[in-house]
Amino acid sequence: MSRRDQIRMTADELAAYLDEQKVINVATIGPNGRPHLAPLWYYPHGTGIATWTYGSSQKAKNLERDPHATVLIEDGESYDKLRGISLEADVEVITDTAVVTQMGINLMQRYAGAKPGDPVPDQLTGFIGKQAPKRIGLIFTPTKIVSWDHTKLGGTY
35 MSRRDQIRMT
45 ADELAAYLDE
55 QKVINVATIG
65 PNGRPHLAPL
75 WYYPHGTGIA
85 TWTYGSSQKA
95 KNLERDPHAT
105 VLIEDGESYD
115 KLRGISLEAD
125 VEVITDTAVV
135 TQMGINLMQR
145 YAGAKPGDPV
155 PDQLTGFIGK
165 QAPKRIGLIF
175 TPTKIVSWDH
185 TKLGGTY
């Protein structure tokens, strides 16, 4: 078995990793043809991930022009603990304010430690409701997934 095959995450490991991590780095192509990188909070969505951003942001403008992105999620303090996922993804841009509002609630609930289906505090609903008209939702559907988990090598290379 190749080293590459040894460090690849299984489908269950991918899902668990997406669930435990908190920040993605999103690469889109800017108007000058160069990659534009931006960190975002996210939540798992189907086989991919979802988030929101300001509709006037550079990444939003880039995705309106070209709805493709590469997303990196990575952690590890040393090479033997390095884990990560790179997703090449088609991106659906959501502009419906009601849907964007729900996406914002999903996102904020996740970062507050709530579980799906937990009651949404009125304060949060009010805050998200004010933010949503300025934002768009982004759904990243992977077309290619590359993963690595160097902890599987047991400290050897």
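In this text, residue positions in the sequence shown follow the numbering used here: the first is 35, and each later residue adds one. C-beta: ideal position from N, C-alpha, C; glycine also.
8 Å or more divides the Cβ of R117 from the Cβ of T190. With fewer than 16 other Cβ atoms from the protein chains shown falling within 10 Å of its own Cβ, G151 counts as exposed. Taking a cut-off of 8 Å for Cβ pairs, the segment 131-138 and the segment 104-119 do not touch, as fewer than three such pairs fall below it. Note on the segment 45-98: whole beta strand (DSSP E) runs with a minimum of 3 residues are 57-63, 69-75, 77-79 and 82-88, in chain order. Only residues of its own chain outside the window of five on either side were considered, and among them L158 and I162 have a CB closer than 7 Å to the CB of M142, listed in chain order. Between A84 and I173, the gap from beta carbon to beta carbon is short of 8 Å. In this chain, the beta strand (DSSP E) harbouring D183 covers R169 to D183. With respect to I170, T129 sits close: the two C-beta atoms are nearer than 8 Å. M43 and L121 have their C-alpha atoms spaced approximately 13 Å apart. If you draw a 10 Å sphere on the C-beta of T87, you find 16 or more other C-beta atoms in it, and that means buried.
The alpha-carbon separation between P176 and D156 amounts to approximately 34 Å.
Looking only at A132, R144 and K149, the smallest Cα-Cα distance to P167 is reached by A132. Collapsing the DSSP output to three states places V154 in coil.
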